[in-house]
Amino acid sequence: MKRFIVPIMLTFVIALPSIVLFESVDLTPVLASEQGRDIDQLLRVLFILASLIFGGVIAFLLYSVLAFRRQPGDLSDAEPIHGHMGLEITWTIIPLIVVIALGAIGADVLLNIDEAPTDRDLVVNVTGFQWAWDFEYPEYGFNSSELVLPVNRPVLFRLTSRDVNHAFFIPEFRVKMDALPGIVNEVRLTPSQIGEYRTYCAELCGTSHAYMLARVRVVDQPVFDEWVQNQQEAAAALAGQVGEGKALYDQVGCKGCHSIDGSRMTGPTFAGLYASERRFTDGSTTVADEEYLRNSILNPGAQIVEGFNNLMPANYGDQLRDEEIQALIEFIESLE
Ligand code: CUA
């Protein structure tokens, strides 16, 4: 019996420090979702069990090496062993019970997380693309590059991708889910802790995969309501400006020389112009930012795009007010 009591006690002596170490070191970031609580609990159970198994292996190994070592002067062969039915059954049954129990606990946690969505859920459509995230709030009618969530309200994330496989992951929320092209994956989470976090992409998706970060803010209801209102106003103002820009495009003559569908006319097309690289007749290049668009309207002769002639009238600065020029720029920027 002593053969078992000593290594079993040794098992706890070895396992205890690693369990204490795990409890005292923060291996995970702050917990910020209700669903994460069960997951952290499961992680704790797994770690305690792993510590015990580790302790057991090391304890029995050490004990065997020390207690059954060859005595001085003993040159005889070791006793042959012909298997041990009791031992075989024991080390089959115990791991079986452990694995089934872990499977049951894991399934229970998964079921708790996977509750059916309700009407109270805030729906956020998340689209991953190389290399950023877009968050659409269909209930409120706007898109945002920042994820803002009211605390304690369940959120139903509907995840998809515009290009390759991505994975949506906020470590503080614990749950991770793939964002795949052509598929909508759903995941439900309830933020439980006000704070600032970040989304990560957890699927290698190209050169800037590591920078696919978006700001996440969990806020209280009044702050969320205010943010929603600001976003809605900004979206409405932009839509208004783009609409005004389109009207000007039709009225003041842009339309005569610049297409908006990519087709070639006397002047360069506006489709896809914004943020594209421009090459000029003098061989220089630039990226078409707002500054470039404004200069090209006010002083069109300064930089002539390769393959075109200096034909545009230079008097739009006199004809159009600043707000009108800005509206035209917004309109051009909206033509992706
Ligand atoms: Cu998207 Cu990695």
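With the numbering used here applied, the sequence shown corresponds to residues 1 to 336, in that order. We put the beta carbon where it would ideally sit given N, CA and C, even for glycine.
For T90, the three-state secondary structure derived from DSSP is helix. Under the DSSP assignment, S18 falls in the alpha helix (DSSP H) whose first and last residues are K2 to S24. In this structure, the beta-carbon distance from P150 to Q221 falls below 8 Å.
In the three-state reduction of the DSSP assignment, A235 falls in the helix class. Shortest Cα-Cα distance from A67 to any of L147, Q231 and F4 involves F4. Taking 8 Å as the cut-off, the beta carbon of G195 is found closer than this to the beta carbon of V218. Residue pairing by DSSP leaves G240 without any beta bridge partner. Taking the Cβ of M177 as the reference point, every heavy atom of ligand 1 lies at 7 Å or farther away. Set against 7 Å, the gap from the CB of G182 to the closest heavy atom of ligand 1 is not smaller.
Around the beta carbon of I94, fewer than 16 other beta carbons lie within 10 angstroms, which makes this residue exposed. DSSP places Y140 in no beta strand (DSSP E); its state is neither H nor E.
The Cβ atoms of W131 and M212 sit closer than 8 Å to each other.
Judged by their CB atoms, A271 and S259 are nearer to each other than the 8 Å cut-off.
Nearest neighbour of R120 by Cα position, chosen from L156, L75, L102 and R44, turns out to be L156.
The C-beta distance from R278 to T286 rounds to 5 Å, short enough to meet the 8 Å contact threshold. Between A32 and S144, the CB-CB gap reaches or exceeds 8 Å. Setting aside the 5 residues that flank it on each side, I113 is surrounded in the same chain by Q35, each with a C-beta closer than 6 Å to its C-beta; the list follows chain order. T11 is positioned such that its CB atom lies closer than 8 Å to that of G56. Excluding five sequence positions before and after R264, none of the CB atoms of its chain fall closer than 7 Å to its own CB. Residue range A214 to V219 is occupied by the beta strand (DSSP E) that includes A214.
Considering only V25, R294 and E115, the residue with the shortest C-alpha distance to V187 is E115. Around the beta carbon of P29, fewer than 16 other beta carbons sit within 10 angstroms, so the residue counts as exposed.
Beta-bridge analysis with DSSP links A179 to H166. Annotation: R153 to L328 spans about 40 Å, alpha carbon to alpha carbon.
Taking P138 as the centre and dropping the five residues before and after it, the same chain places the C-beta of V123 and N125 closer than 7 Å to its C-beta, in chain order. M312 counts as buried, since at least 16 other C-beta atoms from the protein chains shown sit within 10 angstroms of its C-beta. Excluding the 5 residues flanking it on each side, A314 has same chain C-beta neighbours closer than 7 Å at N299, P300 and G301, in chain order. As a beta-bridge residue in DSSP terms, F129 pairs with A132.
Counting along the chain, no alpha helix (DSSP H) covers S76, and no H or E run does either. When beta bridges are read from the DSSP output, T286 appears opposite R278.
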